[in-house]
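Engineer: Remember, the numbering used here sits 1082 above the position in the sequence shown when you count from 1. C-beta atoms are modelled at their ideal positions from N, C-alpha and C, and glycine is treated no differently.
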Amino acid sequence: MKNFIYSELPSEKTAFGEQVIKYNRLNEAGFAEWLFYPGMLFRSGEKWWGNGGSRPTPHEGIDLCLFRHKSGGVLQLDGTTKIPVTYNGEIVKIDKDFLGKSLYIRHEIFDSAGRQFYTVYGHTEPVHNAGAGTRLKAGDIVANISDAKKAKIFSHLHISMAWIPVFCSVENLNWATLGDPERVRLLNPLDIIGCKYSIHQNSRKNKS
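1. Below 8 Å on the Cβ atoms is my guess for tryptophan 1116 versus isoleucine 1235; work out the distance and round it to an integer in Å.
2. Return the CA-CA distance between alanine 1193 and alanine 1244, expressed in angstroms with no decimal places.
3. Identify, in the order they occur along the chain, each residue of the same chain with its Cβ nearer than 6 Å to the Cβ of proline 1257, setting aside the five sequence neighbours on each side.
4. Throw me the rounded Cβ distance for the histidine 1210 and aspartate 1145 pair, which I believe falls under 8 Å.
5. With a cut-off of 8 Å on the beta carbons, I'd call proline 1208 and alanine 1225 a contact; round off their distance for me.
6. Using a 10 Å radius around the Cβ and a threshold of 16 neighbouring Cβ atoms, would you call lysine 1129 buried or exposed?
7. Where does tyrosine 1030 sit, in a helix, a strand or coil, going by DSSP?
8. Per DSSP, what kind of secondary structure is valine 1102 in: helix, strand or coil?
9. State the DSSP-derived secondary structure class of valine 1252, mapped to helix, strand or coil.
10. Check for me: the alpha helix (DSSP H) holding tryptophan 1257 runs from which residue to which?
11. By Cβ distance below 7 Å, which residues in the same chain neighbour proline 1247 in space, the five residues on each side in sequence not counted?
12. Straight-line CA distance for phenylalanine 1199 to histidine 1189?
13. Please go through the same chain and pick out, in chain order, the residues whose beta-carbon is closer than 8 Å to the beta-carbon of threonine 1096, but skip the five residues on each side of it.
14. Within 10 angstroms of its Cβ, does glycine 1204 collect 16 or more other Cβ (buried), or is it exposed?
15. Taking the C-alpha atoms as reference points, what is the distance between glycine 1127 and proline 1120?
16. With a 10 Å radius around its C-beta and 16 neighbouring C-beta atoms as the bar for buried, classify serine 1280 as buried or exposed.
17. With DSSP run on the structure shown, which of helix, strand or coil describes aspartate 1179?
18. Does the beta carbon of lysine 1095 come closer than 7 Å to any beta carbon on chain C?
Here is the structure:
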């Protein structure tokens, strides 16, 4: 097994939320807070898009898509939205998903059970110089949100955060592995990324 130094996650939240606002100039757009429908949240069993219904498995993370304007209106992210990295790390895999590409970022953070911490961003378009082996510092822009104009769902960023065994091969990094509680310990990204948010009373937002 790989030798590692035990180093749990820092207790303070990351600057991710502030960085997304800053890099995308959301304050100039009147940003007040992030907005989530219940189906966008960690472990939700319901869909927030289309005609709703149930997810085949509980949601592995959160979907960042909407924010509330200071006037009370709701705005959405689009394909120009820049995505920063939460912690120093390395891209170990880029895989296609149904809206774009999923980035698997491995961080030099380990728990006492022999697991390593990963961030997975889904539905993205990586920046031109990003690929497997690219090393990143916290706050670096790694991708944009994939433009989902042709899909029956709003453009959004899926964020998963997980403890994954250090012996898990890159080939086995996929959504099936992330959803396997026997192998992976998923965390609620909202406990880590640091952001002001509220939960909308409606269960979903349909795309017009």
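Structural biologist: On the basis of the supplied data:
1. Start at 1 with the first residue of the sequence shown, and residue 1116 comes out as number 34. Start at 1 with the first residue of the sequence shown, and residue 1235 comes out as number 153. Between tryptophan 1116 and isoleucine 1235 the beta-carbon gap is near 18 Å, outside 8 Å, which marks them as no contact.
2. Position 111 of the sequence shown holds residue 1193. Position 162 of the sequence shown holds residue 1244. The sequence given here has aspartate at residue 1193, not alanine. About 11 Å.
3. Mapped onto the sequence shown, residue 1257 falls at position 175. For the record, residue 1257 in the displayed sequence is tryptophan; it is not proline. Nothing meets the Cβ criterion.
4. Here residue 1210 refers to the residue found at position 128 of the sequence shown. Here residue 1145 refers to the residue found at position 63 of the sequence shown. Contact doesn't hold; Cβ gap of about 25 Å is too wide.
5. Here the question's residue 1208 lines up with position 126 in the sequence shown. Here the question's residue 1225 lines up with position 143 in the sequence shown. Contact flag correct, Cβ pair sits at about 5 Å.
6. As a first step, residue 1129 is located in the sequence shown; it is residue number 47 there, counting from the start. Buried, by the Cβ-count rule.
7. Residue coverage of the chain in this structure runs from 1083 to 1290, which leaves residue 1030 outside it and unanswerable.
8. As a first step, residue 1102 must be located in the sequence shown, where it is residue number 20. The three-state secondary structure of valine 1102, taken from DSSP, is helix.
9. Taking the sequence shown and counting its residues from 1, the one referred to as residue 1252 is at position 170. Note: valine 1252 maps to helix in three-state DSSP.
10. Along the sequence shown, one-based indexing puts residue 1257 at 175. Taken as a continuous stretch (DSSP letters only), the alpha helix (DSSP H) holding tryptophan 1257 covers 1257-1260.
11. The count along the sequence shown starts at 1 and reaches residue 1247 at position 165. So the list reads Gly1196, Arg1197, Arg1265, once near-sequence residues are dropped.
12. Translated into positions along the sequence shown, residue 1199 becomes position 117. Translated into positions along the sequence shown, residue 1189 becomes position 107. For phenylalanine 1199 and histidine 1189, the distance between alpha carbons rounds to 6 Å.
13. By 1-based counting over the sequence shown, the position of residue 1096 is 14. For threonine 1096, the CB contacts under 8 Å within the same chain, skipping 5 residues up- and downstream, are Thr1168, Tyr1169, Ala1220, Ile1274, Ile1275, Gly1276 in chain order.
14. If you number the sequence shown from 1, residue 1204 lands on position 122. By the 16-neighbour rule on beta-carbons within 10 angstroms, glycine 1204 is buried.
15. The count along the sequence shown starts at 1 and reaches residue 1127 at position 45. The count along the sequence shown starts at 1 and reaches residue 1120 at position 38. Just so you know, the alpha carbons of glycine 1127 and proline 1120 end up roughly 9 Å apart.
16. Walking along the sequence shown from the start, residue 1280 turns up at place 198. By the beta-carbon neighbour count (other beta carbons within 10 angstroms, threshold 16), serine 1280 is exposed.
17. Residue 1179 sits at position 97 when you count from the first residue of the sequence shown. Note: aspartate 1179 maps to coil in three-state DSSP.
18. Note that chain C does not occur in the displayed structure, where there is just one protein chain.
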